[in-house]
Amino acid sequence: MKDAATFWDKVAPKYAQDPIKDMAAYEYTLERTKSYLGADDRVLEMGCGTGSTALLIAPHVREIVGTDVSPAMIEIATTKANAEGIKNAKFQVSTARGATSAPEAFDAVLGFNLFHLVNGAEDVFAEVYRSLPKGGYFISKTPCLGDKSIGLKRFLFKAMIPPMQWFGKAPYVRFFTHREYEDALRFAGFDIVETGNFPAISRYVVARKT
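Position in the sequence shown (first residue = 1) + 60 = the working numbering.
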């Protein structure tokens, strides 16, 4: 956790200022996600970063809790929530593995642009499945950097990322394919009810505990 937290703490100020690269895909992701959430739901967002997505979802649910490994990210998210007067969004430092250990149950768990950065994502999927009630949703969007659908870019990523990691310029990265990612969710026990690619590099998956 320490190495990941250190990396993301360093990039947090720039991350907070960077514009969303594909606003149409981001907005579509939000709309699809909100369609699975209810006004009385308690929602967990793992890897919430600076809280932008959680704060947009907050008006549509009873409560949303955002977690991130980076204290700097959480500080920014909390400051934004306070500035916007959003009372039903809370933020706390946690790894993905520890996020589901809260004493109160969540009705849905979200994770956007996260699980390719988690070493041992399968263990997290199993914990999410265990923690959700029957019928609960696990909604994620994950860059599948090893999938053939992105063409030659997958070879470029595999060539560039290890040297960047050596110099501390990139975190841990998992090269999922679409099939590997969805199979991992099924192995954890989930049924997959919706998939999509928006943008093309990112696999959006709605999984349900039955």
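Note that beta-carbon positions come from the ideal geometry of N, C-alpha and C, so glycine has one too. Note that the structure is predicted; figures quoted are calculated from it, not measured.
**Prompt:** What is the C-beta distance between Phe199 and Leu245, in whole angstroms, given that I count them as a contact (C-beta under 8 Å)?
**Reply:** Residue 199 is actually Ile in this sequence, not Phe. At roughly 11 Å, the Cβ-Cβ gap does not stay under 8 Å, so Ile199 and Leu245 are not in contact.
**Asked** Between which two residues does the beta strand (DSSP E) harbouring Ser130 extend?
**Response** Per DSSP, Ser130 belongs to no beta strand (DSSP E) and is neither H nor E.
**Completely contained beta strand (DSSP E) runs for the stretch 161–229, where each covers 3 or more residues** = 168–172 and 197–203
**Message:** Can you list, in chain order, the residues of its chain with a C-beta nearer than 7 Å to that of Asp69? Leave out the 5 residues immediately preceding and following it.
**Reply:** Ser130, Pro131 and Ala132
**Item:** Exposure of Val265, with buried meaning 16 or more beta-carbon neighbours within 10 Å
**Value:** buried
**Request:** Can you grab the Cα-Cα spacing for the pair Gly228 / Phe217, in whole Å?
**Result:** 16 Å
**Asked** For Leu116, which residues from the same chain have a beta carbon less than 7 Å from its beta carbon, with the 5 sequence-adjacent residues on both sides left out?
**Response** Leu90
**Prompt:** Short check: CB of Ala159 to CB of Ala118, under 8 Å?
**Reply:** no
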